[in-house]
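*Asks:* Per this note's numbering, the sequence shown starts with residue 1, numbered consecutively.
In this text, a Cβ means the ideal position worked out from N, Cα and C, and glycines have one as well.
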Amino acid sequence: MSQTIILATSQTTSAVAAPSTSATGTTASTSTSTSTSTTSTSTLTTSTSTSTATTILSYVWNSTGNTVVSDSCCSANALAIDSSNALYVVQSAKNRVQKYIIGATNNSTTVAGNGSGVAGSSSSLLNSPSDVAVDSNGNVYVLDQANNRVQLWYNGASYGVTVAGTNSSGTAANQLNCPYFMARDPTTGTLYISDSGNGRVMQYLYNASSGTVVAGGYGIANGPTQLDYNSGVYFDSSSNSLVIATYLGNNIVRWKLGYSNWTLITGNVNGTSGSSSTMLYNPMGLTLDPSGNIYVADRNNHRIQLFSNTSNGTTIAGITGSPGSSATQLNSPSAVALDSQLNLYVADTGNNRIQMFSRS
Numbered sequence: 001m002s003q004t005i006i007l008a009t010s011q012t013t014s015a016v017a018a019p020s021t022s023a024t025g026t027t028a029s030t031s032t033s034t035s036t037s038t039t040s041t042s043t044l045t046t047s048t049s050t051s052t053a054t055t056i057l058s059y060v061w062n063s064t065g066n067t068v069v070s071d072s073c074c075s076a077n078a079l080a081i082d083s084s085n086a087l088y089v090v091q092s093a094k095n096r097v098q099k100y101i102i103g104a105t106n107n108s109t110t111v112a113g114n115g116s117g118v119a120g121s122s123s124s125l126l127n128s129p130s131d132v133a134v135d136s137n138g139n140v141y142v143l144d145q146a147n148n149r150v151q152l153w154y155n156g157a158s159y160g161v162t163v164a165g166t167n168s169s170g171t172a173a174n175q176l177n178c179p180y181f182m183a184r185d186p187t188t189g190t191l192y193i194s195d196s197g198n199g200r201v202m203q204y205l206y207n208a209s210s211g212t213v214v215a216g217g218y219g220i221a222n223g224p225t226q227l228d229y230n231s232g233v234y235f236d237s238s239s240n241s242l243v244i245a246t247y248l249g250n251n252i253v254r255w256k257l258g259y260s261n262w263t264l265i266t267g268n269v270n271g272t273s274g275s276s277s278t279m280l281y282n283p284m285g286l287t288l289d290p291s292g293n294i295y296v297a298d299r300n301n302h303r304i305q306l307f308s309n310t311s312n313g314t315t316i317a318g319i320t321g322s323p324g325s326s327a328t329q330l331n332s333p334s335a336v337a338l339d340s341q342l343n344l345y346v347a348d349t350g351n352n353r354i355q356m357f358s359r360s
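(1) Mind the definition here: the stretch 189 to 205 touches the stretch 295 to 306 only if three or more C-beta pairs lie below 8 Å; say whether that holds.
(2) How long is the line joining the alpha carbons of Gly216 and Gly258, rounded to whole angstroms?
(3) Return yes when at least one heavy atom of the ligand ADP lies under 7 Å from the C-beta of Thr225, else no.
(4) Looking at the secondary structure, which residues open and close the beta strand (DSSP E) in which Tyr192 lies?
(5) Enumerated in chain order, which unbroken segments of the beta strand (DSSP E) with a length of 3 residues or greater are wholly contained in the stretch 129 to 171?
(6) Around the C-beta of Thr45, are 16 or more other C-beta atoms found within 10 angstroms, so that it is buried, or is it exposed?
(7) Classify Thr349 as helix, strand or coil using the three-state DSSP reduction.
(8) Going by DSSP in three states, Ala80 sits in which element: helix, strand or coil?
(9) I'd like the list of long-range same chain contacts for Trp255, defined as Cβ closer than 7 Å, with 5 residues on each side in sequence excluded.
(10) Since Ala215 sits in a beta bridge, which residues does DSSP pair it with?
(11) Would you check if there are 3 or more beta carbon pairs closer than 8 Å linking the stretch 167 to 177 to the stretch 101 to 113?
(12) Based on Cα-Cα distance, which residue from Pro333, Tyr100, Gly274 and Tyr204 lies nearest to Gln151?
(13) Just grab the DSSP bridge partners of Met182 for me.
(14) According to DSSP, is Ala104 part of a helix, a strand, or is it coil?
(15) Which two residues bound the contiguous beta strand (DSSP E) that contains Ser231?
(16) What first and last residue would you give for the beta strand (DSSP E) that runs through Val68?
(17) Please report the Cβ distance between Phe181 and Gly285, rounded to the nearest whole angstrom; I am assuming they are in contact, meaning their Cβ atoms lie under 8 Å.
(18) For Leu143, tell me which candidate among Asn293, Gly232, Ile294 and Leu288 has the shortest Cα-Cα distance.
(19) To the nearest angstrom, report how far apart Leu227 and Tyr247 are at their CA atoms.
(20) Classify Val132: buried if its beta carbon has 16 or more other beta carbons within 10 angstroms, exposed otherwise.
(21) Taking the CB atoms as reference points, tell me whether Phe307 and Ile294 lie closer together than 8 Å.
(22) For Met279, write down the residues that DSSP places opposite it in a beta bridge.
(23) Return the Cβ separation of Asn127 and Asn95 in integer angstroms, given the expectation that the two are a contact with Cβ distance under 8 Å.
(24) Let's see if you can read the secondary structure: which residues bound the beta strand (DSSP E) around Gly365?
(25) With a cut-off of 8 Å on the beta carbons, I'd call Ile81 and Ala337 a contact; round off their distance for me.
(26) Using a 10 Å radius around the Cβ and a threshold of 16 neighbouring Cβ atoms, would you call Ala347 buried or exposed?
(27) In chain order, what residues of the same chain have a beta carbon less than 6 Å from the beta carbon of Ser332, not counting five sequence neighbours either side?
(28) How close, in whole Å, do the beta carbons of Asn222 and Gly249 come, if the pair is a contact with beta carbons under 8 Å?
(29) Would a C-beta distance cut-off of 8 Å place Ala76 and Arg353 closer than the cut-off?
(30) Since Leu191 and Arg184 should fall inside the 8 Å C-beta cutoff, what is the C-beta to C-beta distance between them, to a whole number of angstroms?
(31) Would you report the Cα separation of Ser70 and Ser260, rounded to the nearest angstrom?
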């Protein structure tokens with residue numbers, strides 16, 4: 001069974017015309033397929049006109065998931081996908097991150113933490129990791145939650161290097177308190193850390209020893225300048241903003257960098273939970289596709305919601321309010337990821353598995 005979702009993308013084009021000279025002055029003129037702008041002055045000028053076209057795409061996801069990773073020993077809490085479509089899965093209870101090559105024999109490798117699940121705070125150990133990111137060189141960034149730090153494990157390394165946090169909780173600029181998710185800007189290497197216990201998002205520039213508060217920081221609450229136990233975070237470079245899930249606020253908000261407050265994307269502005277198409281119940285991880293459509297792990301509604309330029313969501317995986325282990329159900333999903341073909345991968349935490357919902 002599958003369903004068709006209509007998504008809109010915008011394409012913007014612009015042009016600048018070369019100036020032409022006449023006896024009375026200089027005129028610059030340019031046009032696109034939908035608009036024309038002309039300016040005449042006594043000095044050299046140019047003008048630019050911009051047109052925006054909307055392309056309608058039809059996306060179809062199979063509502064029956066395929067289990068691509070199953071490990072009864074521990075739950076899958078978060079995941080990432082690299083350019084080769086290898087999966088990196090955070091297993092918090094085993095204090096490690098596993099890399100899976102889908103379809104390969106003996107496809108699991110420990111890439112961060114201890115393969116036997118030993119917890120600790122040394123450079124070779126993790127303690128309840130909660131998120132992972134992978135760069136183009138295969139280096140792995142791990143949000144080491146109980147150690148209140150981010151560890152960078154270079155490709156093939158047996159230990160990590162601390163790139164954010166100090167191994168102790170706190171509110172200082174170089175400290176974290178129960179961080180839950182993070183995002184990495186692949187262009188600059190900047191990390192955005194959802195510092196949940198401090199109700200803020202911290203920005204760590206590449207090689208910085210301390211961070212800057214770029215969202216929240218005014219207590220854990222649901223006011224427009226606050227975050228109510230923020231969970232998932234995504235850096236949207238197209239708008240220079242963060243898309244943030246608030247676990248107790250039961251909403252998704254956008255916080256433009258440099259601004260002092262958020263704007264509501266979906267969910268209840270007052271933090272009320274619900275199961276309708278415009279409501280959420282303890283949202284966790286989220287991601288965006290290249291067109292800006294938002295995919296949310298709506299944890300306690302046991303579903304994945306898609307928001308396409310609207311506050312009205314569409315369920316593309318799971319059954320609202322019906323936790324279970326069948327191929328069409330989810331149980332407390334925690335995170336989502338997309339591969340290059342927009343196939344959807346879900347950390348189905350309550351079922352100790354990763355489910356893939358294929359797109360056609």
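*Replies:* The short version:
(1) They do not touch, by the three-pair rule.
(2) As a working mapping, residue 216 is identified with position 216 in the sequence shown. As a working mapping, residue 258 is identified with position 258 in the sequence shown. Taking the straight line from one Cα to the other gives about 12 Å.
(3) Looking for the ligand ADP in the displayed structure turns up nothing, as the structure carries no ligands at all.
(4) Translated into the one-based positions of the sequence shown, residue 192 becomes position 192. Note, Tyr192: beta strand (DSSP E), Leu191 to Asp195.
(5) With a minimum length of 3 residues, the unbroken runs of beta strand (DSSP E) contained wholly in the stretch 129 to 171 fall at 129 to 134, 140 to 144, 149 to 153 and 161 to 165.
(6) Numbered from 1 along the sequence shown, position 45 holds the residue referred to as residue 45. In this prediction, Thr45 scores a pLDDT of 38, lower than 50, which makes its location untrustworthy; the coordinate-derived value is nonetheless stated afterwards. With fewer than 16 Cβ atoms within 10 Å of its Cβ, Thr45 is classed as exposed.
(7) Position 349 of the sequence shown holds residue 349. Of the three classes helix, strand and coil, the one that applies to Thr349 here is helix, per DSSP.
(8) Here residue 80 refers to the residue found at position 80 of the sequence shown. Note: Ala80 maps to strand in three-state DSSP.
(9) Mapped onto the sequence shown, residue 255 falls at position 255. These residues qualify, in order along the chain: Ala215, Ser241, Leu242, Ile244 and Trp262.
(10) Locating residue 215 in the sequence shown gives position 215, counting from the first residue. In the DSSP output, where bridge partners are listed per residue, Ala215 has Val201.
(11) no
(12) Here residue 151 refers to the residue found at position 151 when the sequence shown is read from its first residue. Answer by Cα proximity: Tyr204.
(13) Here residue 182 corresponds to residue number 182 of the sequence shown, with the count starting at 1. DSSP lists Ile193 as partners of Met182.
(14) Indexing the sequence shown from 1 puts residue 104 at position 104. Ala104 falls in the coil class under three-state DSSP.
(15) Reading the sequence shown from its first residue, position 231 is the one you call residue 231. Membership of Ser231 in the beta strand (DSSP E) is indicated by the continuous run Asn230 to Asp236.
(16) On the sequence shown, residue 68 is found 68 positions in, with the first residue counted as 1. Residue range Asn66 to Ser70 is occupied by the beta strand (DSSP E) that includes Val68.
(17) Within the sequence shown, numbered from 1, the residue matching residue 181 stands at position 181. Within the sequence shown, numbered from 1, the residue matching residue 285 stands at position 285. With 8 Å as the limit, Phe181 and Gly285 qualify as a contact, their Cβ atoms being about 6 Å apart.
(18) On the sequence shown, residue 143 is found 143 positions in, with the first residue counted as 1. The shortest C-alpha separation from Leu143 is found at Gly232.
(19) Stepping through the sequence shown from its first residue, residue 227 is reached at position 227. Stepping through the sequence shown from its first residue, residue 247 is reached at position 247. Each residue's Cα considered, the two are about 9 Å apart.
(20) Your numbering for residue 132 matches position 132 in the sequence shown. It counts as buried.
(21) The residue you call residue 307 lines up with position 307 of the sequence shown. The residue you call residue 294 lines up with position 294 of the sequence shown. Result yes, Cβ atoms of Phe307 and Ile294 sit closer than 8 Å.
(22) The residue you call residue 279 lines up with position 279 of the sequence shown. The partner list for Met279 (beta bridge, DSSP) is empty, contrary to what the question assumes.
(23) Taking the sequence shown and counting its residues from 1, the one referred to as residue 127 is at position 127. Taking the sequence shown and counting its residues from 1, the one referred to as residue 95 is at position 95. With a Cβ gap of about 6 Å, Asn127 and Asn95 count as contacting.
(24) Since the first residue shown for the chain is 1 and the last is 360, residue 365 is missing from the structure and cannot be characterised.
(25) Taking the first residue of the sequence shown as 1, we reach residue 81 at position 81. Taking the first residue of the sequence shown as 1, we reach residue 337 at position 337. Their Cβ separation, rounded to whole angstroms, is 5 Å, which keeps Ile81 and Ala337 in contact under 8 Å.
(26) Within the sequence shown, residue 347 is the residue found at index 347, counting from 1. The residue is buried, with at least 16 neighbouring Cβ atoms inside 10 Å.
(27) Looking up residue 332 in the sequence shown gives position 332. Correct list, in chain order: Arg299, Thr349 and Gly350.
(28) Position 222 of the sequence shown, counting from 1, holds the residue named residue 222. Position 249 of the sequence shown, counting from 1, holds the residue named residue 249. Indeed, because the Cβ distance is near 5 Å, the residues count as touching under 8 Å.
(29) Looking up residue 76 in the sequence shown gives position 76. Looking up residue 353 in the sequence shown gives position 353. Taking 8 Å as the Cβ cut-off, Ala76 and Arg353 qualify as a contacting pair.
(30) Looking up residue 191 in the sequence shown gives position 191. Looking up residue 184 in the sequence shown gives position 184. Yes, they are in contact, since the Cβ atoms of Leu191 and Arg184 sit about 6 Å apart, within 8 Å.
(31) Your numbering for residue 70 matches position 70 in the sequence shown. Your numbering for residue 260 matches position 260 in the sequence shown. Near 42 Å, if we compare the C-alpha coordinates of Ser260 and Ser70.
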